[in-house]
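Okay, structure first, notes after.
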Amino acid sequence: MSVQQMLRLLSIWSPTRTKSNCMKAQPGKQMTARNNKLRAIRFQRPDYIPMSFRINSACWHHYDQNALQDLMELHPFLFPDFRRQEQVSPQFGLTQRKDEPYTDPWGCIWETTEN
282 MSVQQMLRLL SIWSPTRTKS NCMKAQPGKQ MTARNNKLRA IRFQRPDYIP MSFRINSACW
342 HHYDQNALQD LMELHPFLFP DFRRQEQVSP QFGLTQRKDE PYTDPWGCIW ETTEN
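Sequential numbering from 282 applies to the sequence shown in the working numbering.
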């Protein structure tokens, strides 16, 4: 689906065509996370852009874990529930495990030489 098609669908579905004021921000009041996400989907000037951010297993394996945890501490907006750990044990997916070939549902075999 192209961006233009998506925008067209959103404009048809969007409640901005109605006279409802339910999505208007009230001065001095923060929107709920749900309303903020809906405003972002509808391109209605949300208070912030909803997103999730995480450091993948390959980064934990490759980079200094203390440096990554320092980075996470410096950015509480990106990592709101972060708690420092002594040792981070990355959880590798089925296609990310060293010397363990994985066959997907289409019969393709995935192999990697390192976790």
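Glycine residues also receive a C-beta, built at the ideal position from the N, C-alpha and C atoms. Keep in mind the model is a prediction, meaning the values are calculated, not measured.
Next item on the list: Flag this pair as yes or no: are the beta carbons of residue 353 and residue 328 separated by less than 7 Å?
Entry: In the sequence shown, residue 353 corresponds to position 72, counting from 1. In the sequence shown, residue 328 corresponds to position 47, counting from 1. The Cβ-Cβ distance between residue 353 and residue 328 does not fall below 7 Å.
Notebook entry, point to check: DSSP on residue 394, reduced to helix/strand/coil?
Noted result: What you label residue 394 is simply residue 113 of the sequence shown in a count that begins at 1. In this structure, residue 394 counts as coil in the three-state DSSP scheme.
Check: Around the C-beta of residue 302, are 16 or more other C-beta atoms found within 10 angstroms, so that it is buried, or is it exposed?
Finding: The residue labelled residue 302 in the question sits at position 21 within the sequence shown. Caution applies to residue 302, whose pLDDT of 42 falls short of 50 and renders its modelled position unreliable; the model cannot decide the point.
Check: How big is the Cα-Cα spacing for residue 318 and residue 359?
Finding: For this step, residue 318 is matched to residue 37 along the sequence shown. For this step, residue 359 is matched to residue 78 along the sequence shown. Between residue 318 and residue 359, the C-alpha separation is close to 16 Å.
Check: What does residue 384 pair with, by DSSP beta-bridge criteria?
Finding: Taking the sequence shown and counting its residues from 1, the one referred to as residue 384 is at position 103. According to DSSP, which records beta bridges pairwise, residue 384 is partnered with 390.
Next item on the list: Please work out which residues of its chain come closer than 6 Å, Cβ to Cβ, to residue 341, disregarding the five sequence neighbours upstream and downstream, and give them in chain order.
Entry: Position 60 of the sequence shown holds residue 341. For residue 341, where only same-chain residues beyond five positions count, the Cβ hits under 6 Å are 369, 371.
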